[in-house]
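Chains as they are written, first to last, in my numbering: chain A, 1 to 224; chain B, 225 to 477; chain C, 478 to 700. Ideal Cβ positions, reconstructed from N, Cα and C, are used throughout, including at glycine. Read the structure below first, then the notes.
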Amino acid sequence: MIWQQLQSLAGSYPLALRGLGMTVMLSLISLVLGTLIGFGLGILRTGGNRLISGVIGAWVDLIRGTPFLVQIFLIFFILPELGIELDAFTAGIIALTNLAACFICEIVVAGIRSVPTGQVEAALASGLSRWQRMRQVVLPQAMRIVLPPLVGQYVLLIKDSSVVSAIGLTDLTRVGWLVVQRVPNGLLVFFLVGLGYFIVCYPLIMLARRLEQRMCAAHGEVQL
Amino acid sequence: MRSNRSKNGTGMIEFRGVNKWFGPLNVLKDITLSVEPREVVVVCGPSGSGKSTLIRCINGLETIRDGDLVVDGQRLGDPATNMTRLRTEIGFVFQSFNLYPHKTALENVTLAPIHVRKIPRAEAEKAGRELLAKVGLADKVNAYPAQLSGGQQQRVAIARCLGMRPKIMLFDEPTSALDPEMISEVLDVMVAVAEEGMTMMVVTHEMGFARKVAQRVVFMDAGAIVESGTPDEFFSHPKTDRSRAFLSKILRH
Amino acid sequence: MLENFSFRTIVEYLPLFGQGLVTTVWLSVLAFAGALAVGIVLAAMNLQRGRLFRIPAKAYIDAVRATPLLAQLYFLYFGLPRLGIILPELVVGILALSLNSGAYVAEIIRAGILSIPRGQVEAGVASGMTYVQRMRLVILPQAFKVTIPPLLGQAIVLVKDSALLSLIAVAELTRAGQLLASDRFMPAEGFITIAAFYLLLYYGLKGLAALSGRWLGLAGART
């Protein structure tokens, strides 16, 4: 019986490939966009304009305070009511990009704040403009703090992309859900689905750990 | 004695009735002080007397509440004054060096000339190498700050300021974060800079340095200038009880 | 357009939202208790010298962290019946949340214990304490303090994650929003209302985390 099931599973491998492709596409596009927007928001938020940083802070809090599933539903079902037509894929990209941007914004803010004030003063004293200070002095030093959680955030993003299956996008998780209707072996099907995610995410988790250890070592902290 | 006073009587740095508060704390009280071009002024006083705040005001790292502060003919806080431009005329040496840890010694020196002064990279690097050689670090051009001793880092920091060809150099306790054996290598560089005719304000307790190059010593306590005079006058015949008490403390060790 | 946003319908459905909110709260509390139990066991295994316990614990934690909660939820939901275990959706959901959050809780506890400086252990050894005494009297009381804020952070994550249970038809808060959206075709009313309820829970837990940080005298405690 297991043999039969495996055969029938093998038959759905084109579907599985499509699902994996969808998961990778969703993650990759929103990862790039989310990183760019997240850095922009983080820099703006530490920029000293109270209104701007207050608005960004409030938005980030709204996104951090609500389930991602609810955010997807809000975007997918409510934007059309406001006259913005969008398909499930676009809705998924918007939701994931927004989520990633908000979390990355917080990571970038923490990184920028970790740079000692003396560094900014030295840059100020030699007449560097605001953008030059950010680009030449602050960001390169902030990156050491930013990088490990940033990679960790990418793992979360890939995992969160599974939630867009709820609006009918055929990603890896949705494929599992479809296949299990025909091949009633949930353990096997979702083990394979999990394996798909694991292969993508685990190397990133290892990378984040390595970066973190290197950062601790660079700071001369002793790890037990 | 170098005392070429400018003709119209305004100095390179002019404090007129400057006051500053941190919350309820009056950290600068009615400061009036004029520093002439090419003059070297040493500022000393007990910790918390406001001496660091005083020189941090000059390049706008601190803002003043009232009074006038005119630097190189430009009034600070005046909308017509371009602070970024003015800062390029003022070198500032920090107690904790504040070298950029992700840049080599040479990159530390050339960063502002390339990006602010828009000097071509090759030219800036040539000048940077010469400056590092001048402070005795020709062999450390490609070293990162973490690979340098405190004294070496502070010399790079001075070279970094000189790279902008400033009209004024400010030093905020440049030797107090250093191990004793490294102090003189930094002071020697500072003496050389002073002897080339730089206008300098130096917050320091190094009395040997003051005697050697300073035209004036300013003694501060509790945010006010208490006494001011030539190094000889100040060290040999302090006029106030507070300066006598201060001198007896720093000379004891 | 949203000009016919109907507050009346929201009020009409308020009892349903209320029930959903209550369900979300108590299932989260249960799931978090389960996560603590799973986390403590995993952390204890992970801190052993012997590989026998450490390797399975590490493997479990990595497997959970590298796969989405939704896939884990479906794994249990579609997989358990296969093993002859038939459970109500609600129980499957709580189980999935506990097993998932437990892995993260384990890492928080481990980091808390490892954050205690070596000198503390040595002081305990020097004064002749046994391993258990050192743990109980020196390490755990200090580790407890540093783990509270991140644990509350994990609780926030868990509450938000519990929304996924709506996808296996558990009648919690998000499900209530979906019902309003599909019964009356009013997605705006449904999802904006539940978003507001989740924010309420979020700010409540966030406030608690800030308070706990202050009570425990931790500087810079953040979630």
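Under 6 Å Cβ to Cβ from residue i, same chain only, skipping five residues before and after it: list those, please.
| i | result |
| --- | --- |
| B/A348 | T334, P337, I338 |
| C/Y554 | V569, I645 |
| A/S114 | I145 |
Within 9 Å of any Cβ in chain B, is that where the Cβ of residue i sits?
| i | result |
| --- | --- |
| A/G127 | yes |
| A/A110 | no |
| A/P140 | yes |
| A/A101 | no |
Tell me the rounded alpha-carbon separation between residue i and residue j.
| i | j | result |
| --- | --- | --- |
| B/S472 | C/A687 | 50 Å |
| B/L278 | C/A672 | 53 Å |
| C/I669 | A/L74 | 7 Å |
| B/A438 | B/T454 | 8 Å |
| C/A454 | A/T117 | In the structure displayed, chain C extends from 478 to 700; residue 454 of chain C sits before or after that span and is not available. |
| C/Y490 | A/A166 | 23 Å |
| A/Q223 | A/Q71 | Because the pLDDT of A/Q223 is 31, which lies under 50, any placement of that residue in the model is unreliable, and the number read from its coordinates should be weighed accordingly. One C-alpha to the other measures close to 39 Å. |
| B/L257 | C/G681 | 56 Å |
| C/P493 | A/N98 | Reading off the sequence, residue 493 of chain C comes out as Leu, not Pro. C-alpha separation (whole angstroms): 30 Å. |
| B/G375 | C/A600 | 38 Å |
| A/Q213 | A/R144 | 11 Å |
| C/I616 | C/L519 | 18 Å |
| A/L9 | A/V183 | 7 Å |
| A/E221 | A/Q141 | Residue placement at A/E221 is flagged as unreliable, the pLDDT there being 36, under the threshold of 50; a coordinate-derived value is accordingly withheld. |
| B/C268 | B/F433 | 12 Å |
| A/P203 | C/W503 | 36 Å |
| C/L576 | C/T607 | 32 Å |
| A/S27 | C/S578 | 23 Å |
| A/V151 | A/L192 | 24 Å |
| B/T487 | B/S276 | In the structure as shown, chain B starts at 225 and stops at 477, and residue 487 of chain B therefore has no counterpart that could be examined. |
| B/H326 | B/K358 | 23 Å |
| C/R613 | C/I562 | 39 Å |
Taking Cβ positions only, does residue i come closer than 9 Å to chain A?
| i | result |
| --- | --- |
| C/D539 | yes |
| B/G315 | yes |
| C/D660 | no |
| B/G241 | no |
| B/N283 | yes |
| C/T624 | no |
| C/P463 | With chain C covering only 478 through 700, there is no way to say anything about residue 463 of chain C. |
| C/L641 | yes |
| C/L617 | no |
| B/C385 | yes |
| B/N366 | no |
| C/A548 | yes |
| C/R559 | yes |
Taking 9 Å as the CB-CB cut-off, is residue i touching chain C?
| i | result |
| --- | --- |
| A/Y197 | yes |
| A/F89 | no |
| A/T46 | no |
Would residue i pass as a contact of residue j if the rule is Cβ separation under 9 Å?
| i | j | result |
| --- | --- | --- |
| B/R379 | B/V410 | yes |
| A/G42 | A/C105 | yes |
| B/V259 | B/E238 | yes |
| B/Q319 | B/A401 | yes |
| C/A548 | A/Y197 | yes |
| A/L86 | A/D160 | no |
| A/G186 | C/P545 | no |
| A/V180 | C/R542 | no |
| B/T305 | B/N366 | no |
Would you grab the beta carbon distance between residue i and residue j for me? Rounded to a whole angstrom, and I think it's under 8 Å.
| i | j | result |
| --- | --- | --- |
| B/G447 | B/N250 | 6 Å |
| B/V442 | B/M393 | Not a contact, Cβ separation roughly 16 Å. |
| A/G168 | A/V189 | Their Cβ separation, rounded to whole angstroms, is 19 Å, which puts A/G168 and A/V189 out of contact at 8 Å. |
| A/S126 | B/M388 | 6 Å |
| B/P261 | B/G315 | In fact, because the Cβ distance is near 15 Å, the residues do not count as touching under 8 Å. |
| C/L676 | A/L62 | 7 Å |
| C/N523 | C/A583 | 6 Å |
| A/D171 | A/G11 | Going by Cβ atoms, the distance from A/D171 to A/G11 rounds to 20 Å, so no, they are not a contact pair. |
| C/A640 | A/P67 | 3 Å |
Go through its chain and collect everything with a Cβ distance to residue i's Cβ below 8 Å, but skip five positions before and after it.
| i | result |
| --- | --- |
| A/R133 | V120, A123, L124 |
| A/V109 | G42, R45, T46 |
| A/M206 | none |
Answer with yes or no whether the minimum CB distance from residue i to chain E is below 9 Å.
| i | result |
| --- | --- |
| A/F39 | This model lacks chain E altogether, as its protein chains are A, B and C. |
Sorted by chain position, which residues of the same chain lie with C-beta nearer than 7 Å to residue i's C-beta, five sequence neighbours on each side aside?
| i | result |
| --- | --- |
| C/I625 | S689, L693 |
| B/S460 | none |
| C/S643 | E649, T651, R652, Q655 |
| C/I517 | I586 |
| B/E313 | D296, P390, K391, I392 |
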